[in-house]
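These protein sequences, in sequence, are chains A and B. For the first sequence, the numbering used here assigns the number 1169 to the initial residue and increments by one for each residue that follows. For the second sequence, the numbering used here assigns the number 91 to the initial residue and increments by one for each residue that follows. Glycine included, every Cβ here is placed at the ideal spot set by N, Cα and C. Just so we're clear, the structure is a prediction, and the values are computed from it rather than from any experiment. For reference, the structure is listed below as structure tokens.
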Amino acid sequence: MTCPYLAYRDESDDRRFDEPRAYCTAADRFVQPMRADICNDRYDLAHDRHCEIFLEHAGTDGGATDRRTGNAADGSETGGDE
Amino acid sequence: MSYADFLEGEPLIITAALTGGVHGKETTPNLPETPEEIGRVAAAVEAAGAAVVHVHARRPNGERTFETERFQEIDDAIRRRADDVIIQHSTGGTGAPDDARHLPLRTDPAPEMASLDMGPLNRYDHLTSENTRGLVDSLHAEMVDRGIKPELEVFNDGHLNEVHGLLERSDLAEPVYATLIFGPGTLTPPRPRNFLNAIDNLPEGALFNTLGFGRHQLPFATMGTLFGGHVRVGLEDNVYYRQGELAESNAQLVERVVRVATELGREVATPEQAREILGL
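Right under this line is the structure:
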């Protein structure tokens, strides 16, 4: 089941896209395509097990984990997946 | 490969990683996503000095796909616009099932190269890209069948063990070509001594490519140039030109590393020279 906080939008604030893109209404931002795999429960991924944003927003324990993972401004990874 | 190879003047192969599968235009509007955008950018980085383009495929909304048909559209666009650049398909990523990981190998013609992740890596807080030995072996077998040169992706030193294991299990066409990757998380910590150790732990005669994520891209490309290896740059791995300033394009990142190589006295390989070095 798709994440209940997923929406597809073609604009938000100062950003506009030709095609609607994955937008997280819990985090109030467009999400990376790799995160959209989780939003959509694609490839046997599940938002309620694999998304720390959902878990934190839903008040479960997943959002409290250590996030020392990335180099982007929002703390998420930007490196390639080859 | 070593500093001696640098001194002997082996031409430098530059790979441009154009788009990747992790982030999209929500991170930088300069990232190409559609086949036509990727085709245009491939031509631009080739003109700037790249011999290889590392390719991922996206849906129209920017999300990743492994579908053969989308890779075919991208390859067709690249071949229409670029002269002679070597196409390297990605087979890596997220939690995609094994069957999907094979699909990028099935274009017509097959890509000359494809990536082969050598083991697991963590993503975010609850996701691991597994890359089991079974998947590595099945992807490699199909690459052999289709005449595709594997680019062995070494995300950490444990994956160097996996390179040696793959060599024991399979006949890899020489020269073995491995990309040494440095950065946060599951990657090898980006320190120069770790780079030298990784080079020392490669199989005898192996060539290496150098990949630093984020702000490590330029320093590691420079070290890779000096240590006699090859280099990969591009918006897949680093979206900044310098701190706080987004790169304008993939070509801008290629142009910078060409300038570095030229200053260091290292010739930049043409696609034809790269094919000879890589045994394509």
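Proximal chain A residues relative to B/ASP189, where beta-carbon distance stays under 7 angstroms: The premise fails here: B/ASP189 is roughly 11 angstroms from chain A at the closest Cβ pair, so nothing lies under 7 angstroms.
Any C-beta of chain B under 8 angstroms from that of A/THR1237: With a pLDDT of 33 at A/THR1237, under the threshold of 50, the modelled position of this residue cannot be trusted, and the question is left open.
Sufficient close CB pairs (3 or more, under 8 angstroms) joining the segment 286-296 of chain B to the segment 241-253 of chain B: yes
Alpha-carbon to alpha-carbon, B/GLY129 and B/ARG169: 7 angstroms
Ranges of the beta strand (DSSP E) found wholly within the segment 242-292 of chain B, counting only runs of at least 3: 267-272
Neighbourhood of B/ASN340 by C-beta, 6 angstroms cutoff - its chain only, sequence neighbours within 5 removed: ALA106, LEU108, VAL131, VAL135, GLY324, LEU325
Beta carbon proximity, A/LEU1174 to chain B, threshold 8 angstroms: no
Which residues DSSP lists as bridging B/ASN299, in chain order: B/THR269, B/HIS320
As assigned by DSSP and simplified to three states, the class of B/GLN178: strand
Residue-level contact to chain A via CB, B/LYS115, 8 angstroms cutoff: yes
Meets three-Cβ-pair contact criterion under 8 angstroms: the segment 1192-1210 of chain A and the segment 156-163 of chain B: no
Same chain only: Cβ atoms within 7 angstroms of B/ARG196, ignoring 5 sequence neighbours per side: THR158
Members of the segment 320-332 of chain B near chain A, C-beta cut-off 7 angstroms: GLU326, ASP327, VAL329
Chain-order list of residues whose beta-carbon lies under 6 angstroms from that of B/TYR331 (same chain, five-residue window excluded): ALA337
Test: B/LEU217 CB closer than 8 angstroms to a CB of chain A: yes
Under the three-state DSSP convention, the category B/LEU193 falls into: helix
B/ASN299 at chain A interface by Cβ criterion, 8 angstroms: no
Contact set between A/HIS1218 and chain B, taken where Cβ atoms lie within less than 7 angstroms: HIS216, LEU217
Nearest-angstrom Cβ-Cβ length linking B/ASN60 and B/HIS320, presumed shorter than 8 angstroms: The structure shown does not extend to residue 60 of chain B, since chain B is modelled only from 91 to 370, so the question has no answer here.
Reduced DSSP secondary structure (H/G/I, E/B, other) of A/CYS1219: coil
Cα-Cα separation, B/ILE103 to B/GLU258: 27 angstroms
Sub-8 angstroms separation of B/LEU206 and B/VAL234 beta-carbons: no
Straight-line Cα distance separating B/GLY182 from B/ALA190: 10 angstroms
Closer than 9 angstroms at the beta carbon, the chain A residues around B/GLY153: It should be pointed out that residue 153 of chain B corresponds to Glu in this sequence rather than to Gly. Per Cβ cutoff of 9 angstroms: ARG1189, ALA1190, PRO1201, MET1202, ALA1204, ASP1205, ASN1208, ARG1210.
With 16 other Cβ atoms within 10 Å as the buried cut-off, status of A/GLU1179: exposed
Status (buried if at least 16 other CB within 10 Å, exposed otherwise) for B/GLU116: buried
Burial state of B/LEU97 (16 or more Cβ within 10 Å): exposed
Straight-line gap, B/GLU362 to B/LYS239 (C-alpha atoms, nearest Å): 15 angstroms
Near-chain A residues of the segment 130-156 of chain B - C-beta to any C-beta below 9 angstroms: HIS144, HIS146, ARG148, ARG149, PRO150, ASN151, GLY152, GLU153, ARG154
Strand pairing of A/PHE1198, partner residues [DSSP]: A/TYR1191
Residues that B/GLY185 contacts on chain E, provided the C-beta gap is smaller than 9 angstroms: Among the protein chains in the structure shown, which are A and B, there is no chain E.
Chain A contacts made by the segment 197-217 of chain B, where a contact means CB separation under 9 angstroms: SER205, LEU206, ASP207, LEU211, ASN212, ARG213, TYR214, ASP215, HIS216, LEU217
Beta-carbon proximity check, B/LEU229 vs B/VAL266, cutoff 8 angstroms: no
Which listed residue (A/HIS1225, A/ARG1203, A/LEU1223) has its alpha carbon closest to that of B/ALA186: A/ARG1203
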